[in-house]
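Student:
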Amino acid sequence: MNKQLKEEILRVLTEAGGKAMNPKQIYAKGEFVLDLNAKDLLPALEQLASEKLLIQADKGRFMIPMPAHSYTGKIEITRAGAGYLVMDEGEDIFIEQHNTQHAMHNDIVEVVVNKGHGRKQMQGKVVRIISRAKTNFTGIFVQKGNLNFVVPDDKRLSKDIIIPANTIKGTVGRDMKVIAEITGWPKGSGNPEGRILQILGAAGENETEMNAIVSEFGFASDFTDAVKAEADTFGTKISADDLKDREDYRKILTFTIDPETAKDFDDALSWRILDNGNYEIGVHIADVSHYVKPNTEIDKEAYVRATSVYLVDRVIPMLPHNLSDNLCSLVPQQDRLTFAVLFEIDADFKVVKYRFAKSVIYSDVRFSYEQAQDILEMKSEFPVVKGIDTKDVLAKLNEMAKHYQKLRFDHGSIAFESVEYRFVLDEKGKPIGLTTKVRKDTHKLIEEFMLMANKTVAQYVYGNKEQKGPRRPFIYRTHDSPAESKLLDLKNFASKWGYKIQIENDNVVRKSINELSKAIEGKPEQGVLQQMSIRSMAKAIYTTDHPSHFGLAFDYYSHFTSPIRRYPDLIAHRLLFAYINGRTMQEEVGWTESKLIDAAKHCSNMEQKASEAERASIKYKQAEYMQDHVGEVFDAVITGVTDFGIFAEIIENKCEGMIRLNSLKDDQYDFDSVNMQVTGRFSFKKYKLGDTVKVLVKAASALSRTIDLQMVESGSGFPKQKRSGGVRNGFRIDPKKKNRR
């Protein structure tokens, strides 16, 4: 047995954290040479078991020998410095700060568990750091005497990074924002050592801070020269050769509906009435796969990024601008290449049949959501295109979308609505206005047809009855059923307002949450209960073997409709086209199934990082905006309660700040994790999750992305009722956290 094979088997089983796996499962999780298959692993596994490096469990499964009561997984570090080992099943394991052993947020670690001090929750200690999530951090460079260090922006890294003077190249001014790499953690030292990789600029300047956020979450603001050069080879227009073997939709009414400021138009709708009287609705998606071929420089960079990143004042695209904003973007009055899902729909809005086609379109009109909505509401004039009244087309499409939405909700789809922010920025990027976006019918119209296309693609690949042999590899958008413990928390929490949540099975849960959403609409507790419902859900991720989506109540679901900004969609395009034409994944992209599994994990991880970067930019701009409102009083709702303070969201603009418990001078307040409240020792005054309060903006810091609030007076909350169950060192709802479909 060669060394590489041995190390890869041990790596896979170590990361499994003591879980027993059979050769097929190990093969799927590992990266093995192409001429090796799952059956070939068995002799190697048996040899490792004979060497006591593995334990052979029942039914031909193998596992790594683990110390008693030890687990392996990802550690999440809180701002207070403590940690939690995230468990796939059951309650997470609490790790006190002194037991984290220099583990950092999202590191893969091994933890030995003990109950400890009579607590019900399991506690543990990190005994080994298996892999670091990252080693590069943004922060402010500080000099004190002969000491140089970087104060990280990420407060979950509670230790400053010491920068030895002999490692500093060039001139670094005080209070400059830099990127520092942690190079080691000297034995016996309380702080890591590192070196400066890049100087971003003066801290506090908009360009510096936005670039710092991009770097903080592992993205690059620019493309390499090699990627740019490759993008330039495509030119600026499509050629006659590009049109070969494509269905021509340029004479058929086609349009886009997108945000006013959008540049990357992924999708367009075409409309026509067929000779048999049925409608044909085409969902035309930018054919990125025509330009971005596997293993090219652009493809390699797109894979690394995996997604575009949308900050408050800019977009960090997945693809170079010549593609994302030009050749691939379905801009108006230009021929563009697309991959279409074409639906034939009868007068009762039943989908009679569907098909896929590579097409060429000419977008006649570029609507913003607001323009299309005004046309629907007859508030503005509408264009007549190719002799067709676009108002009538939009009205019919809206009627169809409402029909499909009702069917979806009747089938159990959950009606989640998330908060999106709209900042008004001046010429220097400073926020001078802040509102939340309102979803109108035109948003929902586009959403329904995109959902139809995504679902249809997944259903075709996974459930095609003509398929013979093994299931074809594909990438799906998966949303698992929520964990029972999360549902119990939601059930108990909702009961405080007198609402009942049933959790017997998936269908009952979905129905119950939708009934709750209707019951709380327009009531003070609406925001808190909506966010608690979202928080109870599992995260939507990319997988290769689980096509269903709990939130949408779809048996099959994928992402197909945004290949300009999502790499999973580009994978889906390539594989769908291969399967339509009788080719395999290996023939089309040269990937093994294990590579596809790795890609799904990578894309899920980068999506999470992009979401965190977006939230960081929102928090920065919110704090910057509130700097001009220090001293003002606002109505707010309590969104979080911890042992050190109360989080409250200002109702007017959705900015969230912290009321520190030590700032409440009228009494000494104790934290009650069971009832999610703090209680005055002498007055017995209570502040609870969901209470409405008046707050004064005490301070705001864009650099730290924080807003400090001071309590003025309290309002009403939920009725006094007992509650069982605990929470993680307090409870906080993050209204910026989206459950992306």
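Counting from 5, one number per residue, gives the positions in the sequence shown under the numbering used here. Glycine included, every Cβ here is placed at the ideal spot set by N, Cα and C. Please read these numbers as outputs of a predicted model, since none were measured by experiment.
What whole-angstrom Cβ distance do ASP262 and THR565 have, given they're in contact under 8 Å?
Tutor: Here residue 262 refers to the residue found at position 258 of the sequence shown. Here residue 565 refers to the residue found at position 561 of the sequence shown. 12 Å between Cβ atoms; not a contact.
Student: Could you check which residue in GLU628, ILE524 and GLU451 has the C-alpha nearest to that of ASN402?
Tutor: In the sequence shown, the residue the question calls residue 402 occupies position 398. Here the closest residue by C-alpha is GLU451.
Student: Along the chain, where does the beta strand (DSSP E) that runs through PHE686 open and close?
Tutor: Taking the first residue of the sequence shown as position 1, residue 686 is located at position 682. No beta strand (DSSP E) contains PHE686, which DSSP labels as neither H nor E.
Student: In terms of residues, what are the limits of the alpha helix (DSSP H) holding ASP510?
Tutor: Numbered from 1 along the sequence shown, position 506 holds the residue referred to as residue 510. From DSSP, the alpha helix (DSSP H) with ASP510 extends over 510 to 524.
Student: By a C-beta neighbour count over all protein chains shown, 10 Å radius and 16 as the cutoff for buried, is MET382 buried or exposed?
Tutor: The residue you call residue 382 lines up with position 378 of the sequence shown. MET382 comes out exposed.
Student: If I measure Cβ to Cβ from GLU424 and keep anything under 6 Å in the same chain, skipping five residues before and after, which residues do I get?
Tutor: Within the sequence shown, residue 424 is the residue found at index 420, counting from 1. Counting only Cβ-Cβ distances below 6 Å, and skipping sequence neighbours, we find LYS441.
Student: Ends of the beta strand (DSSP E) at VAL287?
Tutor: In the sequence shown, counting from the first residue as 1, residue 287 sits at position 283. Here the beta strand (DSSP E) through VAL287 covers 283 to 290.
Student: When you compare the CB positions of GLU211 and TYR624, do they come within less than 7 Å of one another, or not?
Tutor: Within the sequence shown, the letter at position 207 stands for residue 211. Within the sequence shown, the letter at position 620 stands for residue 624. Result no, Cβ atoms of GLU211 and TYR624 do not sit closer than 7 Å.
Student: What residue from LYS255, ASN118, ALA620 and VAL115 has the CA that sits closest to GLN337's CA?
Tutor: Your numbering for residue 337 matches position 333 in the sequence shown. GLN337 has its Cα closest to that of LYS255, out of LYS255, ASN118, ALA620 and VAL115.
Student: Does DSSP put VAL90 in a helix, in a strand, or in coil?
Tutor: Along the sequence shown, one-based indexing puts residue 90 at 86. Coil at VAL90, not helix or strand.
Student: Determine, using beta-carbon pairs with one atom in the region 46 to 65 and one in the region 22 to 33, whether at least three such pairs fall under 8 Å.
Tutor: yes
Student: Anyone know if the C-beta pair for VAL182 and ALA457 falls short of 7 Å?
Tutor: Position 178 of the sequence shown, counted from the first residue, corresponds to residue 182. Position 453 of the sequence shown, counted from the first residue, corresponds to residue 457. Result no, Cβ atoms of VAL182 and ALA457 do not sit closer than 7 Å.
Student: Would you mind working out which of ASP350, GLU348, THR300 and THR265 sits nearest TYR314, comparing C-alpha positions?
Tutor: Translated into positions along the sequence shown, residue 314 becomes position 310. Among ASP350, GLU348, THR300 and THR265, the Cα nearest to that of TYR314 is on THR265.
Student: Does LYS78 come out as helix, strand or coil in the three-state DSSP assignment?
Tutor: Translated into the one-based positions of the sequence shown, residue 78 becomes position 74. DSSP places LYS78 in strand when its eight states are reduced to three.
Student: In three-state DSSP terms, what is PRO572?
Tutor: For the purposes of this step, residue 572 is identified with residue 568 of the sequence shown, where counting begins at 1. Residue state, collapsed to three classes: helix.
Student: Please give me, in chain order, every unbroken run of the beta strand (DSSP E) with length at least 3 that falls completely inside the region 176 to 227.
Tutor: As for any beta strand (DSSP E) of minimum length 3 sitting wholly inside the region 176 to 227, the runs are 180 to 188 and 197 to 206, ordered along the chain.
Student: For MET662, tell me which candidate among ARG83, ASP674 and THR710 has the shortest Cα-Cα distance.
Tutor: Here residue 662 corresponds to residue number 658 of the sequence shown, with the count starting at 1. Minimum Cα distance to MET662 is reached at THR710.
Student: Measure how close the beta-carbons of SER417 and PRO486 come, nearest whole angstrom, since I'm counting them as under 8 Å.
Tutor: Position 413 of the sequence shown, counting from 1, holds the residue named residue 417. Position 482 of the sequence shown, counting from 1, holds the residue named residue 486. Not confirmed; about 15 Å, so no contact.
Student: Could you name the residues of the same chain whose beta carbon sits closer than 8 Å to that of THR300, not counting the 5 residues immediately before and after it, in chain order?
Tutor: Locating residue 300 in the sequence shown gives position 296, counting from the first residue. So the list reads GLU234, once near-sequence residues are dropped.
Student: On the DSSP bridge list, what partners appear for SER135?
Tutor: The residue labelled residue 135 in the question sits at position 131 within the sequence shown. Answer by DSSP bridge pairing, in chain order: ILE112.
Student: Considering only the beta carbon of each residue, do ILE349 and TYR283 sit closer than 7 Å?
Tutor: For the purposes of this step, residue 349 is taken as residue 345 along the sequence shown, with counting starting at 1. For the purposes of this step, residue 283 is taken as residue 279 along the sequence shown, with counting starting at 1. In this structure, TYR283 lies closer than 7 Å to ILE349 by Cβ.
Student: Identify the residues that DSSP records as bridge partners of SER566: which are they?
Tutor: Start at 1 with the first residue of the sequence shown, and residue 566 comes out as number 562. In the DSSP output, where bridge partners are listed per residue, SER566 has none listed.
Student: Report back the beta-carbon spacing between GLU100 and GLN60 to the nearest angstrom; my notes put them in contact at under 8 Å.
Tutor: To locate residue 100, count along the sequence shown from 1; it is residue 96. To locate residue 60, count along the sequence shown from 1; it is residue 56. Not really, about 36 Å apart at Cβ, beyond 8 Å.
Student: For LEU411, does the count of other Cβ atoms within 10 angstroms reach 16, so buried, or fall short, so exposed?
Tutor: Mapped onto the sequence shown, residue 411 falls at position 407. Label assigned to LEU411: exposed.
Student: Look up ALA272 in the DSSP assignment and say whether it is helix, strand or coil.
Tutor: Translated into positions along the sequence shown, residue 272 becomes position 268. Reduced to three states, the DSSP call for ALA272 is strand.
Student: Once DSSP output is grouped into helix, strand and coil, what is the label at PRO723?
Tutor: Here residue 723 is taken as the residue at index 719 of the sequence shown, counted from 1. Any reading at PRO723 must be qualified, since the residue scores a pLDDT of 37, below 50, and its modelled position is unreliable; no value is offered.
Student: Let's test the definition: count the other Cβ atoms within 10 Å of the Cβ of GLN1 and tell me whether it reaches 16, buried, or not, exposed.
Tutor: Nothing can be reported for residue 1, as the shown portion of the chain is limited to 5 through 745.
Student: Drop a sphere of 10 angstroms on the beta-carbon of PHE638, count the other beta-carbons inside from all chains shown, and report buried for 16 or more, exposed for fewer.
Tutor: The residue given as residue 638 occupies position 634 in the sequence shown. Classification of PHE638: buried, given that the 10 Å Cβ count is 16 or more.
Student: Return the CA-CA distance between GLU95 and ASN509, expressed in angstroms with no decimal places.
Tutor: For the purposes of this step, residue 95 is identified with residue 91 of the sequence shown, where counting begins at 1. For the purposes of this step, residue 509 is identified with residue 505 of the sequence shown, where counting begins at 1. Distance between the alpha carbons of GLU95 and ASN509: 20 Å.
Student: Can you pull the DSSP bridge partners for ASP361?
Tutor: Locating residue 361 in the sequence shown gives position 357, counting from the first residue. It is worth fixing the name first, because residue 361 is Ala in this sequence and not Asp. Answer by DSSP bridge pairing, in chain order: ALA344.
Student: If we count the other Cβ atoms within 10 Å of its Cβ and call it buried at 16 or more, is PRO723 buried or exposed?
Tutor: The residue you call residue 723 lines up with position 719 of the sequence shown. Model confidence at PRO723 stands at a pLDDT of 37, short of 50, so the residue's coordinates are unreliable; what they give is reported in the following sentence. Exposed is the call here.
Student: Could you check the C-alpha separation between HIS407 and LYS444 for me, to the nearest Å?
Tutor: Mapped onto the sequence shown, residue 407 falls at position 403. Mapped onto the sequence shown, residue 444 falls at position 440. Near 16 Å, if we compare the C-alpha coordinates of LYS444 and HIS407.
Student: Any idea if ILE172 is buried or exposed, counting beta-carbon neighbours within 10 angstroms, 16 or more meaning buried?
Tutor: The count along the sequence shown starts at 1 and reaches residue 172 at position 168. ILE172 comes out exposed.
Student: For ALA604, report the span of its beta strand (DSSP E) as first-last.
Tutor: Residue numbering aside, residue 604 sits at position 600 when the sequence shown is read from its first letter. First-last for ALA604: 597 to 630, but that is the alpha helix (DSSP H), not the beta strand (DSSP E).
Student: Would you kindly check if the distance between the Cβ of ASN195 and the Cβ of ILE167 is under 7 Å?
Tutor: The sequence position of residue 167 within the sequence shown is 163, counting from 1. The sequence position of residue 195 within the sequence shown is 191, counting from 1. Not closer than 7 Å, so no.
Student: Using 7 Å as the threshold, is the C-beta distance between GLU592 and ARG578 below it?
Tutor: Taking the first residue of the sequence shown as position 1, residue 592 is located at position 588. Taking the first residue of the sequence shown as position 1, residue 578 is located at position 574. Yes, the pair counts as a contact, with Cβ atoms nearer than the cut-off.
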